[in-house]
Structure formats: C-alpha cells, structure tokens
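Below you'll find the structure, written out as structure tokens, and then a few comments.
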Amino acid sequence: MLLSHIAHFFAQASLLGHRRGPQPCEGVAIKPIPGIEIHSLTSHEVHGYESPYTLGHQLDFCDVTVLLSHQGEDDQVQLSVWLPFPEAWNGRFLATGGGGLATGYIGYTQPAAVIQGYAAAATEGGLTLNNTIDPQSGQWALRADGSLNRALLQNYAHRSIHDLAVVGKAVTQAFYGRAPRFSYWNGCSTGGRQGIVAAALYPRQFNGILAASPGIYQPDLFAWFLWPPLVMLNNTTTIPPQCVFSAFQQAILATCDGLDGVVDGLISAYREPCPFNPASLINTSIGCPETNSTLTITAHHAALVQSILAGPVDPGTGEQLWYGLPPGASFRGTADTITVNRTTQINPFLPATSWLRHFLLHDPTYNISTLTMPQFLAAVHRSRTQFGDLLTAEQHHTLDKFQQAGGRLLAWHGLADEIIPAQGTIQYREAVERAFQAAGRKVEVDDFFRLFLAPGAGHCGGTLQVGYGPVPVDALGAVVRWVEEGVRPDTLFAEVVSTGEGGTVSRGLCRWPGVLKYDGQGDVDVAGSFVC
Numbered sequence: 001m002l003l004s005h006i007a008h009f010f011a012q013a014s015l016l017g018h019r020r021g022p023q024p025c026e027g028v029a030i031k032p033i034p035g036i037e038i039h040s041l042t043s044h045e046v047h048g049y050e051s052p053y054t055l056g057h058q059l060d061f062c063d064v065t066v067l068l069s070h071q072g073e074d075d076q077v078q079l080s081v082w083l084p085f086p087e088a089w090n091g092r093f094l095a096t097g098g099g100g101l102a103t104g105y106i107g108y109t110q111p112a113a114v115i116q117g118y119a120a121a122a123t124e125g126g127l128t129l130n131n132t133i134d135p136q137s138g139q140w141a142l143r144a145d146g147s148l149n150r151a152l153l154q155n156y157a158h159r160s161i162h163d164l165a166v167v168g169k170a171v172t173q174a175f176y177g178r179a180p181r182f183s184y185w186n187g188c189s190t191g192g193r194q195g196i197v198a199a200a201l202y203p204r205q206f207n208g209i210l211a212a213s214p215g216i217y218q219p220d221l222f223a224w225f226l227w228p229p230l231v232m233l234n235n236t237t238t239i240p241p242q243c244v245f246s247a248f249q250q251a252i253l254a255t256c257d258g259l260d261g262v263v264d265g266l267i268s269a270y271r272e273p274c275p276f277n278p279a280s281l282i283n284t285s286i287g288c289p290e291t292n293s294t295l296t297i298t299a300h301h302a303a304l305v306q307s308i309l310a311g312p313v314d315p316g317t318g319e320q321l322w323y324g325l326p327p328g329a330s331f332r333g334t335a336d337t338i339t340v341n342r343t344t345q346i347n348p349f350l351p352a353t354s355w356l357r358h359f360l361l362h363d364p365t366y367n368i369s370t371l372t373m374p375q376f377l378a379a380v381h382r383s384r385t386q387f388g389d390l391l392t393a394e395q396h397h398t399l400d401k402f403q404q405a406g407g408r409l410l411a412w413h414g415l416a417d418e419i420i421p422a423q424g425t426i427q428y429r430e431a432v433e434r435a436f437q438a439a440g441r442k443v444e445v446d447d448f449f450r451l452f453l454a455p456g457a458g459h460c461g462g463t464l465q466v467g468y469g470p471v472p473v474d475a476l477g478a479v480v481r482w483v484e485e486g487v488r489p490d491t492l493f494a495e496v497v498s499t500g501e502g503g504t505v506s507r508g509l510c511r512w513p514g515v516l517k518y519d520g521q522g523d524v525d526v527a528g529s530f531v532c
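Per the UniProt record's numbering, the sequence shown starts with residue 1, numbered consecutively.
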C-alpha cells in the first residue's frame, strides 16, 4: 500500500548539521519520560545495510530499539529509531506512519529517510502482539476474553504518534548530543490520518507534517470499504471477474477525460459530474483474460457498477453513508475479485473485514459472504457510535494550537484513489475552515495547511489503475522548505513514467481549490502546458 509513496516522499533533502562529538552507538540511553515505562533499550551499529525498498544504496546507521509500555496499561510496544552516523545527519528528526490497521512498519519506511540524512523512527504500536501477528488481521483489537483491547485502540488512534515524537526525539538527542533542529511527520493512508491527528492533538511535536491520502474519517470509511462486496453479494446473480470492471473503468475515462478541456488520459475536472451511464455498456462483448473467454456485459453488471460509483446508501432513508468510487479509479481497491477455474469470488479489502470481525462483531470467524443489508447498516451505525469519538473526533478539526505553534501541514490526495476517496480530505479541509470561523478567528488556513489534488493518481501514488497520473516527486522537501525557508508551496511538482512510449508525464499540482487547466497548445505530457 505504501511502497510507491515511500519512493516519492523521501527525496532531495539536503544534508545539514553535525554534532560536536560522537556518542558510541552501543551507549545510547535516555532519561525517564512521564507516562511511559521503558523496559529495554538496545542499540548497535549497522554497516552496508541493503533494503529491498531502496535498492542500490548501502546504509550505515545506529539502530536503536526501544521496548515500552504505558503506565497503567499492559501493552508491549516496539519502537525503532535509525540514526545516520553524525557526519551524515541532516539535523532533522522524521517520524513515519503506518497503513491500514497498522501504526507503522519498522524497517519499511526508515531506509529511504536515512539515505536523505534523517533520524527516522517507526513503531508497531504494540499491534503485532510481540511480532506474532500481522496488524492488518485486526486480531490485536480483542483480548482473550473477547473484549476490546482499549489500550491498543488508544495506541492505534493517537498514542503511538506521541510515542514516536517524545521517545524518538529523546533517542536522537542522546545519540547526537543535541536535539534535532526540526521535527517532521511523514505518512500515507493511516499514516496520513496520523499526521492530521498529530497536528490536532500534539500540535507542538512536529514543525512540519506531510499527510498523503489520509484516511481521516475511518468509522465512515468502513461503510465504503464494505459496500462493493455487499452489493456484489446481494445484487448480482454472479460475481463479475475484473475484466468487467476494467471495461467500465476504461469507458469512464473515455467519457470524462475531456471534461477538463483536454484528452490526456487523466480526469482533472473533479468538480464536474462525470456523465457516464453504466447502462451504455449493456450487451457489449469483451475479451476476459481471467476466464479466457468472451463475456457480454449485462444489466446486472451495469447496476452493480452504478451502485459502486454512487457509494454506500441506506436504502430505507436514502442517507448517503460515504463517498463512492472516484471516476477513473481502479475497481481493484474495494471491489476486487479473484477468478480461479472460471469461478469468481469477492476479495474484500482486508482491513475492512478485520474491522467488521474484530472491532464491531467481536467474532473473528465471521463469514463476510453472509453479510446482508440490515447487518451492514447495523455495523455502520456501530462503527460510528463506538469509534467516532476516538477516530473522528471534532477536536481533529481544530488546528488552532498547531497554527499558533507555527506548524505547517501539507496534504495531497490522488483523484483516482481506489481505497480512500479524496472527497473525504476535501471535507476535512473545509471543516478546518469552519472551525476557525466558529471560533471567531480570522485565520487564512492556507498560511499553514495546504491541500493538493493529483489527477489520475491512486492510493498513496499507487499504479493499480489505467490512466495512472503523476504523483508528487518531493512533497517532503516542499514541507521542509516551507518550514525552514518560508517558501510556501503554490504548486507541487508531480511526475510519472508514461505507460505509452516510456517518457514521462508531469504536472504542477494545484493548491486546493485550484484546478488544472490546459493552455490549449502545449505538450499534454508537460507540466508547463497547464495552469491553475
């Protein structure tokens, strides 16, 4: 989920700063931290490390692992800090976030940061249960007696962010002999949500925050995650193979690509309703690699696609429960299917089924294929009422302390995000505006919080979809320049290797609410041919 994000967000940070004298890596020790019990701290030098996520680089660093718990709790948390040797340190601390139901992945997000000179931290938040499970399974949410594990829920919601900040910076200061000059957050998906929460709840811990594809309204997102499997199970005679969804995706692109004034393989006019009618493909014959046959698109297929595009709705009240699939996005994110021997089954988004089984039903064996509309609606209600205050609190809209502390928040979101629709991030940005207005404060939110939307880009810059659009090349660098030099990002340079002739496609992403417009004459693959 986060791999392509990592490749783009740790680039081109200059190497600055040195410390007066080296502390032996093996001798790192930190002072007590209120509310946190340190059970062990181990450290050792690493030389010539090669990560599968940063091929071609050999890393030298001090690897520090902290095992901790929170006072009054029985959680066991592992936190890791990778520290470039003093001559390579850029004087900055970087906390990295997680994805799905994980607070972070140790050793996954840190290598690219260390290459750029950051002291980089990650934590699993106790959610691996001492490295025995994958957090995406959701097993960590329940105790042995079947009750919710409130301590780990707190870690997932926000406490792990604080751990990374206070423990990570304490380790950094202990090793280098001085505190980092600046502290940053970088995360996508859940990591993006964590960045938003960091600004709201821990406003003085980070000078700059990069929040990509943030899953901000998680209890509501659950409704969207399970909607495509639900309508496939309840509204169709057979589950469609992915070739059917691909045909609709390509037809959507063909219909709506030109709404922004140019046919470039990307849908940029996100405010314009996409006039595609799924019924227009009924009786169309398509080749299907999954079944090795020719299929005919049916009225059932068209109705299913219409429901997925429209998003989750309560059929009894007509209430829109969340947003639907963005025009041009891949169906594989939340409407994935698997075909074996010409038999197709749903392949639900794992964090969604884990959320349903462990967080809501407290039944790890629940079979999602039995999910009915009434059960779905009850689960959505339970998700909102039980976890809304924890994961979608009104306080997350209030960024006044972050603004007063001089913090800078940059968010970006792909307009073809197949997992988390960008409308939720736009909704959050508007809610921040309203919160300042309600408080009677005349604040120009763009002075500290800017949002950029990327046409054609998938989740965290992923490449699952046809019409894959450019993604930010150096978003973290833009945050650093904003914080340290006062250079406000008016556009965000984005680029991708073309799937056509092997060239590149670039865009200067617009600061929200701006929209990219073609100048009418330039090369459609070049950023300079578009204006905001």
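All residues carry an ideal CB built from backbone N, CA and C; glycine is no exception.
| Check | Outcome |
| --- | --- |
| Length of the line joining the Cα atoms of Arg429 and Pro229 | 29 Å |
| Same chain, Cβ closer than 8 Å to Leu142, five either side skipped, listed in chain order | Leu148, Asn149, His358, His362, Pro364 |
| Run of the alpha helix (DSSP H) containing residue 599, from where it starts to where it stops | Residue coverage of the chain in this structure runs from 1 to 532, which leaves residue 599 outside it and unanswerable. |
| Contacts around residue 536, its chain only, beta-carbon distance under 8 Å, and the 5 residues preceding and following it disregarded | Outside the modelled stretch of the chain, which goes from 1 to 532, sits residue 536, for which no answer is possible. |
| Cβ neighbours of Thr294 in the same chain (closer than 8 Å, five flanking residues each side left out) | Ser285, Ile286, Gly287, Cys288 |
| Exposure of Gly467, with buried meaning 16 or more beta-carbon neighbours within 10 Å | Confidence in Gly467 is poor, its pLDDT being 48 and thus under 50, which makes the residue's placement too unreliable to answer from. |
| For Trp185: DSSP bridge partner residues | Ala95, Ile209 |
| Element boundaries [alpha helix (DSSP H), containing Val305] | 299 to 310 |
| Among Ala113, Ala198, Asp447, the one whose alpha carbon lies nearest that of Tyr53 | Ala113 |
| Buried versus exposed call for residue 534 [16 or more other C-beta atoms within 10 Å across all chains shown] | Nothing about residue 534 can be reported from this structure: the residues present for the chain run from 1 to 532 only. |
| Ser369 versus Phe449, Ile239, Ala411, Ser330, residue with shortest Cα-Cα distance | Ile239 |
| Endpoints, beta strand (DSSP E) assigned at Leu59 | 59 to 70 |
| Other residues of its chain near Thr255: CB distance less than 8 Å, five sequence neighbours each side excluded | Cys274, Pro275, Phe276 |
| Per-residue burial, Pro513 [other beta carbons within 10 Å of its own, 16 or more giving buried] | exposed |
| Start and end residues, beta strand (DSSP E) containing Val167 | Where Val167 is concerned, there is no enclosing beta strand (DSSP E), although the alpha helix (DSSP H) it sits in stretches over 160 to 176. |
| Nearest-angstrom Cα separation, counted from Val531 out to Gly126 | 46 Å |
| Own chain residues within Cβ distance below 6 Å of Arg92, not counting five before or after | Tyr118, Pro180, Phe182 |
| C-beta contact flag for Gly503 and Gly414 at 9 Å | no |
| C-alpha distance - Val89 paired with Asp60, whole-angstrom precision | Reading the sequence as shown, one finds Trp at residue 89 and not Val. Going from the Cα of Trp89 to the Cα of Asp60 covers about 11 Å. |
| Own chain partners of Leu350 with C-beta closer than 6 Å, once the 5 adjacent residues on each side are dropped | Gln136 |
| Close Cβ partners of Leu516 (< 6 Å) along its chain, the five nearest in sequence each way excluded | Ser268, Cys510, Phe530 |
| Alpha-carbon to alpha-carbon, Gln139 and Gly146 | 10 Å |
| Distance, Thr334 Cα to Thr344 Cα | 15 Å |
| Where the alpha helix (DSSP H) through Gln139 begins and ends | Careful: Gln139 lies outside any alpha helix (DSSP H) and carries neither H nor E. |
| Continuous beta strand (DSSP E) stretch holding Arg271: start and end | Unbroken run through Arg271: none, as it is neither H nor E. |
| Short CB-CB distance (under 9 Å) between Gly126 and chain D | This model lacks chain D altogether, as it is built from one protein chain only. |
| Range covered by the beta strand (DSSP E) that runs through Thr190 | Run containing Thr190: none in the beta strand (DSSP E); it sits in the alpha helix (DSSP H), 190 to 201. |
| Close beta carbons around Gln403, own chain, < 7 Å, minus the five adjacent residues each side | Val443, Phe448 |
| Boundaries of the alpha helix (DSSP H) in which Cys243 is found, first to last residue | 242 to 256 |
| 6 Å Cβ shell around Thr42 - same chain, five flanking residues per side excluded | Thr65 |
| Helix, strand or coil at Tyr118 [DSSP, three-state] | coil |
| Alpha carbon of Phe175 to alpha carbon of Asp257, nearest angstrom | 53 Å |
| Beta-carbon gap between Thr353 and Leu226 smaller than 9 Å | yes |
| Beta-carbon contacts of Val81 that lie in its chain and below 6 Å, excluding the five residues immediately before and after | Val64, Ala121, Gly168, Val171 |
| Counted within 10 angstroms of its Cβ, other Cβ atoms place Leu55 as buried (16 or more) or exposed | exposed |
| Residues bridged to Tyr518 (per DSSP) | Phe530 |
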